[in-house]
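Notes to accompany the following structure.
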Amino acid sequence: MTMLTYRQAATRVRRSIKTIKRWRRNGMPMGWELQHGQRVRVVDEEVLLGWFRGRLLADPVHQARLKATRVSLGVEIIPERSE
361 MTMLTYRQAA TRVRRSIKTI KRWRRNGMPM GWELQHGQRV RVVDEEVLLG
411 WFRGRLLADP VHQARLKATR VSLGVEIIPE RSE
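Residue numbers (my numbering): 361 to 443.
Structural data, given as structure tokens:
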């Protein structure tokens, strides 16, 4: 289990520190750790990557890019089932 600070987490997912703080405010579980005599916020890397994937799947711009890439490569697009 790798614990990352705000800065390390932002670097890991190529987002700003503000974004990581916003994810925390929106419910991403984080804890505290003592580093060099200071308490710092930390997040488990697996939790961080799960939130990152969730944000990508919910982003219509990202989905449009994926679809455009599939079309340009000639990959068959399977239509979504509506239930």
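Backbone N, C-alpha and C fix where the C-beta goes; we use that ideal spot for every residue, glycine too.
By how many angstroms is the C-alpha of residue j removed from the C-alpha of residue i?
{"i": "leucine 417", "j": "valine 403", "result": "21 Å"}
{"i": "valine 407", "j": "glycine 397", "result": "25 Å"}
{"i": "tyrosine 366", "j": "isoleucine 377", "result": "6 Å"}
Opposite residue i in the DSSP bridges: which residues?
{"i": "leucine 394", "result": "Arg399"}
Can you list, in chain order, the residues of its chain with a C-beta nearer than 6 Å to that of residue i? Leave out the 5 residues immediately preceding and following it.
{"i": "glutamate 405", "result": "Thr362 and Leu364"}
{"i": "glycine 387", "result": "none"}
Can you tell which of the options has its C-alpha closest to the C-alpha of residue i?
{"i": "tryptophan 383", "options": "Gly410, Ser432 and Val421", "result": "Gly410"}
{"i": "threonine 371", "options": "Met388, Phe412 and Thr429", "result": "Phe412"}
{"i": "glutamate 373", "options": "Gln395, Arg415, Leu394 and Arg385", "result": "The amino acid at residue 373 is misidentified as glutamate; the sequence shows valine. Among Gln395, Arg415, Leu394 and Arg385, the Cα nearest to that of valine 373 is on Arg415."}
Excluding sequence positions up to five away, which residues of its chain have a Cβ less than 8 Å from the Cβ of residue i?
{"i": "tryptophan 392", "result": "Arg399, Val400, Arg401 and Val402"}
Keeping to the same chain, check which residues put their C-beta closer than 7 Å to that of residue i; ignore five residues upstream and five downstream.
{"i": "proline 389", "result": "Val407"}
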